[in-house]
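J.: Next up is a structure, given as structure tokens.
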Amino acid sequence: ETGVTQTPRHLVMGMTNKKSLKCEQHLGHNAMYWYKQSAKKPLELMFVYNFKEQTENNSVPSRFSPECPNSSHLFLHLHTLQPEDSALYLCASSQEDREVNQPQHFGDGTRLSIL
Amino acid sequence: QKEVEQNSGPLSVPEGAIASLNCTYSDRGSQSFFWYRQYSGKSPELIMFIYSNGDKEDGRFTAQLNKASQYVSLLIRDSQPSDSATYLCALGGSGGYNKLIFGAGTRLAVHP
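The following block contains the structure:
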């Protein structure tokens with residue numbers, strides 16, 4: 002149990018579907034992240050939220066839409082995805098610190114497959 | 079040049095030996111360094127982090143940082159088959175706070 006819970010664990014969807022990924026952290030952190038992990042590639046940072054405000058969008062296509070209603074919850078809304086978007090999507094959280102990077106703690110991920 | 083370089087492996091070591099995993103980086107402004115372990119099909123798990131030059135020990139794990147030479151290492155003493163996983167190196171600092179850059183990882187195989 003990492004303190005970061007992601008649902009669903011697996012998701013299969015067609016290219017025209019709309020779905021959402023959910024992340025919840027119970028660590029009292031105030032920074033949350035979405036990462037994409039494709040086979041044999043480094044983790045790619047997608048979005049960063051600090052105290053519910055988006056502070057980083059790493060040139061992510063608009064078919065991915067994040068939402069952070071509070072410091073404990075993070076969503077990733079998916080719409081009109083492409084087959085190359087099939088990957089493991091990881092949520093992470095950390096304590097926000099402007100002096101030094103604090104360790105990030107990951108959820109178990111959502112394995113997404115686009116048909 | 080990639081921002082974070084790791085040998086993809088697999089690095090094969092016998093049980094009980096010391097496994098040495100290395101990571102080099104290009105950004106001299108990097109201030110914080112992390113090692114994560116990732117089992118196949120699972121999410122990354124934080125193993126250690128180090129901010130200052132030198133060694134930091136935690137149980138069987140030792141992280142070594144040399145900012146002048148721009149490398150960070152992870153030593154695993156008394157390697158066990160359960161240590162077989164992919165080890166990810168991550169850096170933070172100059173790209174903005176709360177932003178980590180990950181290497182592609184080194185696969186470690188510990189054989190009995």
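The listed protein sequences derive, respectively, from chains C and S. Okay, so the first sequence: first residue is 2 according to the working numbering, each after it adds one. Okay, so the second sequence: first residue is 79 according to the working numbering, each after it adds one. By construction, the Cβ of each residue, glycine as well, lies at the ideal position given by its N, Cα and C atoms. No experiment lies behind these values; they were computed from the predicted model shown.
Measure the alpha-carbon distance for residue 147/S versus residue 134/S and round it to whole angstroms.
T.: Their Cα atoms are separated by approximately 17 Å.
J.: Run through chain C and tell me which residues come within less than 8 Å of residue 182/S, C-beta to C-beta.
T.: Neighbours of residue 182/S on chain C, chain order: 41, 42, 43.
J.: Please state the DSSP three-state secondary structure of residue 123/S.
T.: Here residue 123/S sits in strand by DSSP.
J.: Using a Cβ cut-off of 7 Å, which residues of the region 90 to 105 of chain C contact any Cβ in chain S, in chain order?
T.: Those would be 91, 95, 97, 98, 99, 101, 102, 104, 105, in chain order.
J.: What residues match up with residue 36/C in a beta bridge as DSSP calls it?
T.: The partner list for residue 36/C (beta bridge, DSSP) reads 46/C, 91/C.
J.: Is the CB-CB distance between residue 143/S and residue 165/S below 9 Å?
T.: It is not a contact, given that the beta carbons lie outside the stated cut-off.
J.: Measure the beta-carbon distance from residue 127/S to residue 110/S and round it to whole angstroms, keeping in mind my assumption that it falls under 8 Å.
T.: Right, the Cβ-Cβ distance comes to about 7 Å (below 8 Å), so this counts as a contact.
J.: Applying the criterion that 16 or more other CB atoms from any shown protein chain within 10 Å of the CB defines a buried residue, is residue 44/C buried or exposed?
T.: Buried, since its Cβ has 16 or more Cβ neighbours within 10 Å.
J.: Three-state secondary structure (DSSP) at residue 85/C?
T.: In the structure shown, residue 85/C sits in a helix (DSSP, three-state: H, G or I).
J.: Starting from the C-beta of residue 13/C, find all residues in its chain whose C-beta is less than 7 Å away, skip the five residues before and the five after it, and write them out in chain order.
T.: For residue 13/C, where only same-chain residues beyond five positions count, the Cβ hits under 7 Å are 114, 116.
J.: Please report the straight-line C-alpha distance between residue 67/C and residue 93/S, rounded to a whole angstrom.
T.: Taking the straight line from one Cα to the other gives about 44 Å.
J.: Closer than 8 Å by beta-carbon distance: list the chain S residues that pair up with residue 32/C, in chain order.
T.: The answer, in chain order, is 176.
J.: Could you check if residue 180/S is buried or exposed, using at least 16 other CB atoms within 10 Å of its CB as the buried criterion?
T.: Looking at its Cβ environment, which holds 16 or more other Cβ atoms inside 10 Å, residue 180/S is buried.
J.: Please state whether the Cβ-Cβ distance between residue 79/C and residue 18/C is less than 9 Å.
T.: Yes; because the gap between Cβ atoms is below 9 Å, this pair is in contact.
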